[in-house]
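Chemist: Residues 335 to 570 (our numbering) are what the sequence shown spells out, left to right.
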Amino acid sequence: MTVPQQDNNSSGETQAIAQEVPSIFSDFDLYLFGQGKHYQIYEKMGAHPRTVNGISGINFAVWAPNALAVSVIGDFNGWTRGSHPMNLRHQDLGVWECFVPSLKDGVLYKYAIYSRYNNYAVDKTDPYGFAAELRPLTASIVTDIHLHQWQDDTWMQERSERQQTSSPISIYEVHLGSWRHAPERHREGNPEEDRFLSYRELAHDLAAYVKDLGFTHIELMPVMAHPFSGSWGYQV
335 MTVPQQDNNS SGETQAIAQE VPSIFSDFDL YLFGQGKHYQ IYEKMGAHPR
385 TVNGISGINF AVWAPNALAV SVIGDFNGWT RGSHPMNLRH QDLGVWECFV
435 PSLKDGVLYK YAIYSRYNNY AVDKTDPYGF AAELRPLTAS IVTDIHLHQW
485 QDDTWMQERS ERQQTSSPIS IYEVHLGSWR HAPERHREGN PEEDRFLSYR
535 ELAHDLAAYV KDLGFTHIEL MPVMAHPFSG SWGYQV
């Protein structure tokens, strides 16, 4: 297998920045990640907006310990493998990273992985992606998670009172995608017939339904993107 090198069509500015950008990971980040104890690693892995030397763009990071090389591909580079190669930040852990200037929210992307075993190459969705295309499409979507304004301070303060170990507990397990469908899914020819209800659309009705049945807690079946609804989210 020939591992693609830097695409000659990539701008000199992009190549220079890729060499100059310091890692988003501290040594302590990598230590905790290696120990399996970095509970905020999602703030570093995946795709995150970043500004370097006054230039805005997206920082990509992925864990690929068996890779010989990794590059970011997407609608911004014609899905061309090798056009934006990633740097190996830690040999033993297999953490790869790169910064691509000028990219913004909404960009589609994947990682092109070149395995060190069996001459194998594959394009993979970001395991730390914060948004994804609706199946059968499989690309990740750059999404700034820090744009969301949390307003649950009161609920968080009261949670400790409700979560006493001596309190009764009865759990309702639910797969959100099949608990209730979006009304337009049943209208033939509707361009959004494959749309699923959002968390906001489900929240009040589901909570009221579960409380009426006498349950105290809700357990969500897998919420990760999956290609087949019949798997209830376990096919990931």
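Glycine included, every Cβ here is placed at the ideal spot set by N, Cα and C. Computed from a prediction, not measured in an experiment: that's the story for all the values here.
Between His509 and Gly567, how many whole angstroms is the CB-CB distance? I'm expecting something under 8 Å.
Modeler: 6 Å
Chemist: Pull up the CB-CB distance for Val355 and Phe464, whole angstroms please, since I reckon it's below 8 Å.
Modeler: Not quite, the Cβ-Cβ distance comes to about 21 Å (not below 8 Å), so this is no contact.
Chemist: Taking only three categories from DSSP, how would you classify Asp582?
Modeler: Because the chain is modelled from 335 through 570, residue 582 falls outside the range shown and cannot be assessed.
Chemist: Using only alpha-carbon positions, find the residue among Ser474, Ile479, Phe549 that is nearest to Asp409.
Modeler: Ser474
Chemist: At 3 residues or longer, and completely inside the region 396-428: list those beta strand (DSSP E) runs for me, N to C.
Modeler: 401-408, 421-424
Chemist: Buried or exposed: which applies to Glu431, given that a residue is buried once 16 or more other Cβ atoms fall within 10 Å of its Cβ?
Modeler: buried
Chemist: Quick one: grab the DSSP three-state call for Val476.
Modeler: Three-state DSSP puts Val476 in coil, outside helix and strand.
Chemist: Counting Cβ pairs closer than 8 Å, one from the region 448-458 and one from the region 361-379, do we hit at least three?
Modeler: no
Chemist: What three-state label does DSSP hand Phe394 in the structure shown?
Modeler: strand
Chemist: Check whether the Cβ atoms of Ala401 and Tyr448 lie closer than 8 Å to each other.
Modeler: yes
Chemist: Suppose only complete runs of 3+ residues qualify. What are the beta strand (DSSP E) ranges in the region 492-550, listed by chain order?
Modeler: 505-508
Chemist: Assuming Arg423 contacts Ser357 (C-beta within less than 8 Å), just tell me the rounded distance between them.
Modeler: Contact flag correct, Cβ pair sits at about 5 Å.
Chemist: Below 8 Å between beta carbons: does that hold for Leu442 and Ile392?
Modeler: no
Chemist: Could you tell me whether the region 552-567 touches the region 493-512, where touching means 3 or more Cβ pairs closer than 8 Å?
Modeler: Taking 8 Å as the limit for Cβ pairs, the verdict is that the region 493-512 does touch the region 552-567.
Chemist: Regarding Ser357 and the ligand FAD, is the C-beta to nearest heavy atom distance less than 7 Å?
Modeler: Of the ligands one can find in the structure shown there are none, so the ligand FAD has no counterpart to examine.
Chemist: Using the C-alpha atoms, what's the distance from Ile479 back to Ala516?
Modeler: 25 Å
Chemist: Give me, in chain order, the residues of the same chain whose beta-carbon lies closer than 8 Å to that of Glu553; leave out the 5 immediate sequence neighbours on both sides.
Modeler: Ile505, Tyr506, Glu507, Val508
Chemist: On a Cα-Cα basis, can you pick out the residue from Asp457, His551, Ala398 that is closest to Gly428?
Modeler: Ala398
Chemist: Quick one: grab the DSSP three-state call for Gly380.
Modeler: strand
Chemist: Assuming Ala395 contacts Gly412 (C-beta within less than 8 Å), just tell me the rounded distance between them.
Modeler: Not a contact, Cβ separation roughly 22 Å.
Chemist: Use the C-beta contact count for Ser405: other C-beta atoms within 10 angstroms, 16 or more gives buried, fewer gives exposed.
Modeler: buried
Chemist: When you compare the CB of Val544 with every CB in chain B, is at least one pair closer than 8 Å?
Modeler: Here chain B cannot be found, since the structure has a single protein chain.
Chemist: Verify whether the separation of the beta carbon atoms of Ala466 and Ala537 is less than 8 Å.
Modeler: no
Chemist: In the DSSP assignment, what residue or residues form a beta bridge with Pro435?
Modeler: Gly391
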